[in-house]
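**Student:** Residue numbering for the sequence shown follows UniProt numbering, starting at 1 and increasing by one per position. Pasting a structure here, questions to come.
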Amino acid sequence: MNDEFFAQVDALTEAGQLRRLSGAFARFIASIGASSPPLMAACVLLSELEGRGHSCLLLSELNADPAALLGWNGDEWLHLRASVDGWPEDVASWRTLLAASEQVWPVGGADCSQPLVLDGDRLYLRRYWQDETHVAAAVRGRALGGVLASDADAETAEIRRWLDILFPHATRGGGVDWQKVACAVAMRGKLGIITGGPGTGKTYTVARLLALLFATAGSMRQSGLRVALAAPTGKAAARLKQSIDDALDKLAVLVGTALPLRELTARMGAARTLHSLLGARPDTRAFQHNAGNQLDVDVLIVDEASMIHLEMMSALLAALPPEATLILLGDKDQLASVEAGAVLGDLCHNAEAGEYLPETLSYVQASTGQQIPDDYAGHGGPIAQQTVMLRESRRFGGPIGELALAVNAGNAAKAVEVLRSGQDGKVAWTDFAQPADMLQLALSGYRQYLQLIKNSIADADDVVRLAILRSFEGFRILCAVRDGEWGVSGLNDAIEQRLQSAGLLKRTGEWYVGRPVMVTRNDYATGVFNGDIGLTLPDPARPGALRVYFSEGETVRSVLATRLRNVETAFAMTVHKSQGSEFAHTAMVLPKDGGSMLARELIYTGITRARDYFTLLTPNGQVLLDAIGQRTQRASGLRHLLDN
Numbered sequence: 001m002n003d004e005f006f007a008q009v010d011a012l013t014e015a016g017q018l019r020r021l022s023g024a025f026a027r028f029i030a031s032i033g034a035s036s037p038p039l040m041a042a043c044v045l046l047s048e049l050e051g052r053g054h055s056c057l058l059l060s061e062l063n064a065d066p067a068a069l070l071g072w073n074g075d076e077w078l079h080l081r082a083s084v085d086g087w088p089e090d091v092a093s094w095r096t097l098l099a100a101s102e103q104v105w106p107v108g109g110a111d112c113s114q115p116l117v118l119d120g121d122r123l124y125l126r127r128y129w130q131d132e133t134h135v136a137a138a139v140r141g142r143a144l145g146g147v148l149a150s151d152a153d154a155e156t157a158e159i160r161r162w163l164d165i166l167f168p169h170a171t172r173g174g175g176v177d178w179q180k181v182a183c184a185v186a187m188r189g190k191l192g193i194i195t196g197g198p199g200t201g202k203t204y205t206v207a208r209l210l211a212l213l214f215a216t217a218g219s220m221r222q223s224g225l226r227v228a229l230a231a232p233t234g235k236a237a238a239r240l241k242q243s244i245d246d247a248l249d250k251l252a253v254l255v256g257t258a259l260p261l262r263e264l265t266a267r268m269g270a271a272r273t274l275h276s277l278l279g280a281r282p283d284t285r286a287f288q289h290n291a292g293n294q295l296d297v298d299v300l301i302v303d304e305a306s307m308i309h310l311e312m313m314s315a316l317l318a319a320l321p322p323e324a325t326l327i328l329l330g331d332k333d334q335l336a337s338v339e340a341g342a343v344l345g346d347l348c349h350n351a352e353a354g355e356y357l358p359e360t361l362s363y364v365q366a367s368t369g370q371q372i373p374d375d376y377a378g379h380g381g382p383i384a385q386q387t388v389m390l391r392e393s394r395r396f397g398g399p400i401g402e403l404a405l406a407v408n409a410g411n412a413a414k415a416v417e418v419l420r421s422g423q424d425g426k427v428a429w430t431d432f433a434q435p436a437d438m439l440q441l442a443l444s445g446y447r448q449y450l451q452l453i454k455n456s457i458a459d460a461d462d463v464v465r466l467a468i469l470r471s472f473e474g475f476r477i478l479c480a481v482r483d484g485e486w487g488v489s490g491l492n493d494a495i496e497q498r499l500q501s502a503g504l505l506k507r508t509g510e511w512y513v514g515r516p517v518m519v520t521r522n523d524y525a526t527g528v529f530n531g532d533i534g535l536t537l538p539d540p541a542r543p544g545a546l547r548v549y550f551s552e553g554e555t556v557r558s559v560l561a562t563r564l565r566n567v568e569t570a571f572a573m574t575v576h577k578s579q580g581s582e583f584a585h586t587a588m589v590l591p592k593d594g595g596s597m598l599a600r601e602l603i604y605t606g607i608t609r610a611r612d613y614f615t616l617l618t619p620n621g622q623v624l625l626d627a628i629g630q631r632t633q634r635a636s637g638l639r640h641l642l643d644n
């Protein structure tokens, strides 16, 4: 064992640059077979990158400079590398060294259940290699089934007839109606991927797709098309259900007696979290529904797919019957999951270009009457043929939309111009020297819901509680980081103290009236899930007791506060945790110093949580500029597998 190397690893761990798990994993690998110092270095980096969202280690990074991936400075990387004897000089040498290691299975060689897998120039933990290869095979199989299936003239004509009913109006400017195209493409096989930014009408589109599926279901219409709605978080699931219900209710008027839409959609259950849908079990990664016990569905619609990590996507695809249709909705430019993988980003990496084959273009014209411009023709793979990007935002415009577009394009100068202009009071950039300086904004933003609580605490019912919950959703402070004075932990304490000093709340212990909390771990006993946000209010049945109330569309549900163990105060929350939510006024706080974790996708995601107003708060404007100029890059082999 290389003592000098592990001494360097321990020093980096103590300095907070490595997880303890990374060094422990390398020591474990060394304990189960002969190991070289370079293998140990690869293990440390592989484990560390997995903790930062990467599904594999690219061998090319080992002879480049992975310091940027790890957020280190150059010296830290040089010291670590210098502590390793016999460092291979190129990718081929790394491949040879790793393939000869007892703990590594080179794909194509003898599989002895080694914990590490070498696939080409990518090194994996075996579990992630299995997940990645399974996702690629399952998604490609579904997409190929659509592309290779014969598009029968009668079926295409029926799709065209209904799409003309469901989309009776031409698009503004006479351009391509991408929503109509998305519905037709999803009807082609067992996979449909619909991506687009805020306000482009993803749920509006999928509601029409549902109506189309009901209309063309044939005999299934009598027995009932089994439709499931799901999302990664409870909040996103509730929003999906409400949006689809609203859209279908309006569609019922449009289609009239031609399709009993209200009767058909009444059979759909509530939208669920993915964990709930699959039947998560306490204290295990396994689900009740899997390849041997698949879901009882004909159509599965999953919103906020950018948040789905690799392991969850693999489990979802395993549990989905091959004859069922999978529809994925999401914004490919948003942050990926905090766990390993960027599945939607990999699936949609060519969405802007279209890359549609002649057969796809011909089918779209026959089924929709839409002529897709030649600019979107190409030679894309099977996934591209089942993917449609919605390109026109019908809701998300004005200065907030302009700001989001500038950030997404990496145009820092334009983003600063929009922020500094303060157009119509919709966007603002506020410089603060200390966190305490921005507490007046929190006081203003949270005053209304706390005042509602004070005014109605004696005679509150569920209608009043729902109004309080919605008032709280009108404002939120989002943080780029968790720790420090500009992070979630520091700001939650500061905001709580400021609201208490203003007499808007009274903290008498851990639990108090008005405390907003976020669930941080799935709790199947109480029916709350990671990411759910609730408010603490008096229990009407037990004087002195407190309950936490959660909104579910037009209703509320509650849990006794003392039964919730895995929660944290949520006046401020991370941008990651805000995905799937929308607030009338969003204030995003950037720290004094940046780093590799602050990138364009994080800024874009924070901005697009704002419906009416967006405020940027930072003591250092350079952090914003640096973040806009930096894209999140996650090491993955999924894109390669999908394209081959």
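Glycine included, each C-beta is placed from N, C-alpha and C at the ideal position.
Please look up how many angstroms separate the CB atoms of tyrosine 356 and alanine 377, rounded, as I've assumed it's under 8 Å.
**Tutor:** About 6 Å; that satisfies the 8 Å criterion.
**Student:** Cα separation between serine 219 and leucine 213?
**Tutor:** Here the model assigns serine 219 a pLDDT of 49, short of 50, so the residue's position is not dependable, and the following value carries that caveat. So the two alpha carbons sit approximately 12 Å from each other.
**Student:** Report all residues from its chain with a CB closer than 6 Å to the CB of arginine 226; omit the five preceding and five following residues, and keep chain order.
**Tutor:** The answer, listed in chain order, is Val297, Asp298.
**Student:** Apart from the five residues on each side of it in sequence, which residues of its chain come closer than 7 Å, Cβ to Cβ, to glutamine 222?
**Tutor:** Low confidence applies here, because glutamine 222 scores a pLDDT of 47, under 50, leaving its location unreliable and the question unanswered by this model.
**Student:** For methionine 453, is the classification buried or exposed, using 16 other Cβ atoms within 10 angstroms of its Cβ as the cut-off for buried?
**Tutor:** Reading the sequence as shown, one finds isoleucine at residue 453 and not methionine. That one is buried.
**Student:** On the three-state DSSP scale, how would you describe aspartate 303?
**Tutor:** Aspartate 303 falls in the coil class under three-state DSSP.
**Student:** Cα separation between glutamate 402 and lysine 414?
**Tutor:** If I take the Cα positions, the gap works out to 9 Å.
**Student:** Using DSSP with H/G/I as helix, E/B as strand and the rest coil, what is tryptophan 105?
**Tutor:** Strand, per DSSP.
**Student:** Which residues mark the beginning and the end of the alpha helix (DSSP H) in which glycine 234 is found?
**Tutor:** Element bounds for glycine 234: 234-255.
**Student:** When the Cα atoms are used, what is the spatial distance from residue 652 to glutamine 630?
**Tutor:** With the chain represented from 1 up to 644, any question about residue 652 goes unanswered, as that position is not in the structure.
**Student:** Roughly how many whole angstroms lie between the Cα atoms of proline 373 and alanine 384?
**Tutor:** Their backbone Cα atoms lie some 16 Å apart in a straight line.
**Student:** Check whether the Cβ atoms of methionine 389 and threonine 195 sit closer than 7 Å, and answer yes or no.
**Tutor:** Contact flag set, yes.
**Student:** Mark alanine 110 as exposed unless 16 or more other C-beta atoms lie within 10 angstroms of its C-beta, in which case mark it buried.
**Tutor:** Under this definition alanine 110 is an exposed residue.
**Student:** Over what stretch of residues does the alpha helix (DSSP H) that includes cysteine 43 continue unbroken?
**Tutor:** Element bounds for cysteine 43: 37-51.
**Student:** Tell me the DSSP secondary structure of serine 636 in three-state form.
**Tutor:** In the structure shown, serine 636 sits in coil (DSSP, three-state: anything other than H, G, I, E or B).
**Student:** Sort Thr574, Phe472, Pro591, Ala494 by Cα distance to threonine 536 and report the nearest one.
**Tutor:** Closest by alpha carbon: Phe472.
**Student:** Going by beta-carbon coordinates alone, are alanine 587 and leucine 441 separated by less than 7 Å?
**Tutor:** Yes; because the gap between Cβ atoms is below 7 Å, this pair is in contact.
**Student:** Under the assumption that proline 88 contacts isoleucine 29 (Cβ atoms under 8 Å), give the Cβ distance between them as a whole number of angstroms.
**Tutor:** Their Cβ separation, rounded to whole angstroms, is 17 Å, which puts proline 88 and isoleucine 29 out of contact at 8 Å.
**Student:** Note the first and the last residue of the continuous beta strand (DSSP E) segment covering histidine 275.
**Tutor:** Segment 274-278 is the alpha helix (DSSP H) holding histidine 275; no beta strand (DSSP E) there.
**Student:** According to DSSP, is tyrosine 449 helix, strand or coil?
**Tutor:** Residue state, collapsed to three classes: helix.
**Student:** Where do the ends of the alpha helix (DSSP H) carrying glycine 621 lie?
**Tutor:** 621-628 is the span of the alpha helix (DSSP H), which, as asked, contains glycine 621.
**Student:** Tell me the start and end of each unbroken alpha helix (DSSP H) in the region 76-106 that is at least 4 residues and wholly inside, in chain order.
**Tutor:** Whole alpha helix (DSSP H) segments, 4+ residues: 91-99.
**Student:** Spell out the partners DSSP gives asparagine 290 in its beta bridges.
**Tutor:** Per DSSP, Asn293.
**Student:** Please name the residue or residues paired with phenylalanine 550 in a DSSP beta bridge.
**Tutor:** BP columns for phenylalanine 550 point to Arg557.
**Student:** Based on the DSSP output, what are the partners of isoleucine 533 in its beta bridges?
**Tutor:** Isoleucine 533 pairs with Met518.
**Student:** What does a CB cutoff of less than 8 Å around serine 150 pick up in its chain, not counting 5 residues either side in sequence?
**Tutor:** At serine 150, the pLDDT of 42 sits below 50, so the modelled position is not reliable; the number obtained from the coordinates is stated separately. So no residue of the chain qualifies.
**Student:** In terms of DSSP beta bridges, what is valine 528 paired with?
**Tutor:** Valine 528 is bridged to Asp523.
**Student:** Could you check the C-alpha separation between valine 464 and valine 548 for me, to the nearest Å?
**Tutor:** Computed Cα separation, rounded: 14 Å.
**Student:** Per DSSP, what kind of secondary structure is cysteine 479 in: helix, strand or coil?
**Tutor:** Residue state, collapsed to three classes: strand.
**Student:** Examine the Cβ distances between the region 276-283 and the region 187-207 and report whether three or more of them are shorter than 8 Å.
**Tutor:** No, the region 276-283 does not touch the region 187-207.
**Student:** Should alanine 291 and alanine 324 be called a contact, given that it needs their Cβ atoms to be closer than 7 Å?
**Tutor:** No; because the gap between Cβ atoms is not below 7 Å, this pair is not in contact.
**Student:** Would glutamine 386 and glycine 192 be called neighbours here (beta carbons separated by less than 7 Å)?
**Tutor:** Taking 7 Å as the Cβ cut-off, glutamine 386 and glycine 192 qualify as a contacting pair.
**Student:** Candidates Gln497, Ala460, Gly23: which alpha carbon is nearest leucine 39's?
**Tutor:** Here the closest residue by C-alpha is Gly23.
**Student:** Would you list the one or two residues that DSSP bridges to residue 645?
**Tutor:** Residue 645 cannot be examined here, being either before or after the span of the chain that is shown, 1 to 644.
**Student:** Taking all protein chains shown into account, do 16 or more other C-beta atoms lie within 10 angstroms of the C-beta of leucine 560, making it buried, or fewer, making it exposed?
**Tutor:** With fewer than 16 Cβ atoms within 10 Å of its Cβ, leucine 560 is classed as exposed.
**Student:** I'd like to check one pair, arginine 498 with leucine 405: are the Cβ atoms closer than 7 Å?
**Tutor:** Cβ atoms of leucine 405 and arginine 498: not closer than 7 Å.
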